Amino acid sequence: MNTEALAIKYECARLSVPLDYKNPNNGLRAIIPIIKAPADPNVPYKGSVITNPGGPGALGTEFIYNVDIATHIASHIVGPGWDIIGFDPRGIGYSIPYGSCELVPGTFEPDRQNATTTPPNTRTRRNKRRSSSSNIVSNDEVVYGVLIPDDPPSWKPTAYATADFGSSACVNYTGAYNQAGQHMNTVVVATDLLQIAKALAREKSQCEDTVLVNYFAISYGTVIGQYFATLYPNHVGRFYLDGVVDVPSLVAQDTPETVLKHTDKAWSQFFTACANAGPTRCSFYTGRNSHAIRSRFNALTLKLNATRYELAEDPRAAIVTPILAALKQVMLTSLYVTWQRWPLVSDFLVAVEPLLASNDPADWDVDALMSLYAQYVAAKDPPAGPVGEVPESYPQVVCTDAVDVRGVEVTPEEEQLFKQVSRIGGYNAVGLKLLCTAWQIRPSWEWYGPVGGKTKTPILFGTTMLDPVTPYENAEKARKLFKGAKMIYVDEVAVSIDPGGLERVPC
Numbered sequence: 012m013n014t015e016a017l018a019i020k021y022e023c024a025r026l027s028v029p030l031d032y033k034n035p036n037n038g039l040r041a042i043i044p045i046i047k048a049p050a051d052p053n054v055p056y057k058g059s060v061i062t063n064p065g066g067p068g069a070l071g072t073e074f075i076y077n078v079d080i081a082t083h084i085a086s087h088i089v090g091p092g093w094d095i096i097g098f099d100p101r102g103i104g105y106s107i108p109y110g111s112c113e114l115v116p117g118t119f120e121p122d123r124q125n126a127t128t129t130p131p132n133t134r135t136r137r138n139k140r141r142s143s144s145s146n147i148v149s150n151d152e153v154v155y156g157v158l159i160p161d162d163p164p165s166w167k168p169t170a171y172a173t174a175d176f177g178s179s180a181c182v183n184y185t186g187a188y189n190q191a192g193q194h195m196n197t198v199v200v201a202t203d204l205l206q207i208a209k210a211l212a213r214e215k216s217q218c219e220d221t222v223l224v225n226y227f228a229i230s231y232g233t234v235i236g237q238y239f240a241t242l243y244p245n246h247v248g249r250f251y252l253d254g255v256v257d258v259p260s261l262v263a264q265d266t267p268e269t270v271l272k273h274t275d276k277a278w279s280q281f282f283t284a285c286a287n288a289g290p291t292r293c294s295f296y297t298g299r300n301s302h303a304i305r306s307r308f309n310a311l312t313l314k315l316n317a318t319r320y321e322l323a324e325d326p327r328a329a330i331v332t333p334i335l336a337a338l339k340q341v342m343l344t345s346l347y348v349t350w351q352r353w354p355l356v357s358d359f360l361v362a363v364e365p366l367l368a369s370n371d372p373a374d375w376d377v378d379a380l381m382s383l384y385a386q387y388v389a390a391k392d393p394p395a396g397p398v399g400e401v402p403e404s405y406p407q408v409v410c411t412d413a414v415d416v417r418g419v420e421v422t423p424e425e426e427q428l429f430k431q432v433s434r435i436g437g438y439n440a441v442g443l444k445l446l447c448t449a450w451q452i453r454p455s456w457e458w459y460g461p462v463g464g465k466t467k468t469p470i471l472f473g474t475t476m477l478d479p480v481t482p483y484e485n486a487e488k489a490r491k492l493f494k495g496a497k498m499i500y501v502d503e504v505a506v507s508i509d510p511g512g513l514e515r516v517p518c
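Heads up: the sequence shown is residues 12 to 518, going by this note's numbering.
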């Protein structure tokens, strides 16, 4: 239990909404869990701000239950006098029906898997799809002075196998009409957002038909915001969307530039930041400047040419490949919150170095290396509550937001395009698209945009100049789609503007 959070005196509720807004009177209900950090009673009350931390898959309840985050939002983003509201989107966290497909053992909860009333069991159709392996093999490449080994040829069949397994499991666990899978796409969640606002209005004896939604969201939460602003423009109150996702490319699943454009450049800033921090604050510091630190890093990645081992059919490929994959995940995920995670990365690299001392991978202690990776993963996102994110939430939302790409082949040329945009995240992004080509569940309520229009209140978009997964160009594009919208830019490396960054913005 978060004992510090108890001082805030959180309030919790569960909101019953139609499972399917296309058939609202069929007797099936979904439950949306809601948490409120009440406004300071010592200042004039201003209203409620609903929040979403992104993902998709992040829990809005645990986001606000984190006392530091709730306090930061109240003090640095919205100011005093506001109730801060968090909620778990469909199929996620504490919501009912729950979207677990048991990909992480122990996360399946049968009591929460179905809507509150059970209709006839209707499964989604499955199409046969055939995949092909890419014959393209690239050598290690240097970008921004950083040596980043290529993913080996085995990545694609592994990705397809993972996609097929995940899709099959989710059809079995969540594919029925009365379960979560068909009702997790963003158009449903955006409508839930309106229902939450109406419920808050009823609680205060206000007119729900004219309620204005005040909303702060990050990353995927900006998709919810853009959908809401398009579908319910007269209900848009104060919207701040930070770290903006490009909706058209999300729907089409076709444009790596709208996700990975600045990823590799953002990572290259780690070495400058380490040099500026010095040896007392950056444990990976070496030499006199960022070049020396970069060279120290390159000496590690030079040993991780998994492609060479696989092409030679060398059994040591089985050692190198998972270590390379783990390192790339450390690099990519660290860019989301650099001020918090780069010190963790620095310590991780220092700990890895002696384990890779030998030039022969057969001498490496793989278990020790993967244990270090697990420690990093646990440290970068400490859980706020007993229920955390599950990996299937991402495709459950993204693949039902996207047009139907089942059975579409990801060509070698497309793989190359993703890799050229980012050496760090390119194949990771291709793997996510492969998930959608295998994903068999389609949404009951299909809506694919376009987004944009005139809103009751102009929207404020925020962005950093080196956002690794939601480039600033996305926010500039979205600003033009919504009449009267404004922009905030902050020159830093992170997904969205952190509260410290906002403090530096003159308003």
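Using N, Cα and C, we set each Cβ at its ideal position, and we do this for glycine too.
Small disclaimer: the values here were computed from a predicted structure and weren't measured.
Under 8 Å between C-beta atoms of residue i and residue j
i	j	result
G463	D253	no
A317	T332	yes
C410	S357	no
G6	I19	What the structure shows of the chain is the stretch from 12 to 518, and residue 6 is not part of that stretch, so it cannot be assessed.
N225	G418	no
R123	I103	no
Y387	L355	yes
L315	L338	yes
L30	L39	yes
D275	V154	yes
G71	N63	yes
Y231	V256	yes
P44	Y105	yes
T185	G117	no
Element boundaries [alpha helix (DSSP H), containing residue i]
i	result
A277	T274 to A288
Y76	G71 to Y76
K488	Y483 to L492
M381	V377 to K391
V522	No information on residue 522 is available, as it lies outside the stretch 12 to 518 that the chain covers here.
Y438	G437 to A449
F176	W166 to T185
V408	S404 to D412
V198	T197 to E214
V115	V115 -> no alpha helix (DSSP H), and no H or E assigned at all.
H302	S301 to T312
L428	P423 to V432
S260	V258 to A263
Sequence-distant residues of the same chain with beta carbon closer than 7 Å to residue i, five excluded per side
i	result
L114	G177, A180, V401, P402 and E403
T133	With a pLDDT of 34 at T133, under the threshold of 50, the modelled position of that residue is not reliable, and the figure given next carries that caveat. Contacts found: A187 and Y188.
D412	N196, T197, L261 and V262
R327	Y320, P372 and A373
D502	M476
V222	A208, K209, A212 and H246
E364	L311
Where the beta strand (DSSP E) containing residue i begins and where it ends
i	result
T343	Inspection of the sequence shows that residue 343 is occupied by Leu rather than by Thr. Looking at the DSSP string, L343 is not in any beta strand (DSSP E); the run it does join, the alpha helix (DSSP H), is A328 to S345.
I45	R40 to A48
P29	E22 to P29
I63	What sits at residue 63 in the sequence shown is Asn, not Ile. Residues G58 to N63.
L477	L471 to L477
I95	W93 to F98
V224	V224 to I229
D502	K497 to V504
F250	V247 to D253
L158	V157 to I159
E152	E152 to V154
Cβ shell of residue i (< 6 Å), same chain only, five flanking positions each side left out
i	result
S142	Low local confidence applies: a pLDDT of 36 at S142 is under 50, so the model's placement there is unreliable, and no value is given.
S149	Confidence at S149 is low in this model, with a pLDDT of 44, below 50, so its placement is unreliable and the value that follows should be read with caution. Contacts found: D161.
L343	I435 and G436
V408	P67 and M195
S301	F282, T283 and A286
P100	V200
V504	A277, Q280, T349 and L477
Y56	A50 and G92
Whole-angstrom C-beta distance between residue j and residue i, which should lie under 8 Å
i	j	result
G97	Y405	About 19 Å separates the two Cβ atoms, so there is no contact after all.
R305	G156	5 Å
I42	Y21	Contact flag wrong, Cβ pair sits at about 18 Å.
P469	G495	4 Å
Close Cβ partners of residue i (< 8 Å) along its chain, the five nearest in sequence each way excluded
i	result
T241	G460, P461, V462, G463 and G464
L393	The question names Leu, but residue 393 in the sequence shown is Pro. If we look at P393 and ignore the five residues flanking it on each side, it has no Cβ neighbours.
A449	R140, Y171, A174, D175, G177, S178 and R417
Cβ of residue i within 8 Å of any chain D Cβ
i	result
A240	Any reference to chain D falls outside this structure, which holds one protein chain only.
Given 8 Å, three or more beta-carbon pairs between the segment 193 to 204 and the segment 235 to 250: yes
Three-pair Cβ contact test at 8 Å for the segment 479 to 486 versus the segment 267 to 287: yes
Stretch-stretch touch, CB-based, cutoff 8 Å, three pairs: the segment 287 to 304 with the segment 481 to 498: no
The segment 90 to 105 contacting the segment 40 to 51, beta-carbon criterion three pairs below 8 Å: yes
The segment 24 to 38 touching the segment 359 to 377, judged by at least three CB pairs closer than 8 Å: no
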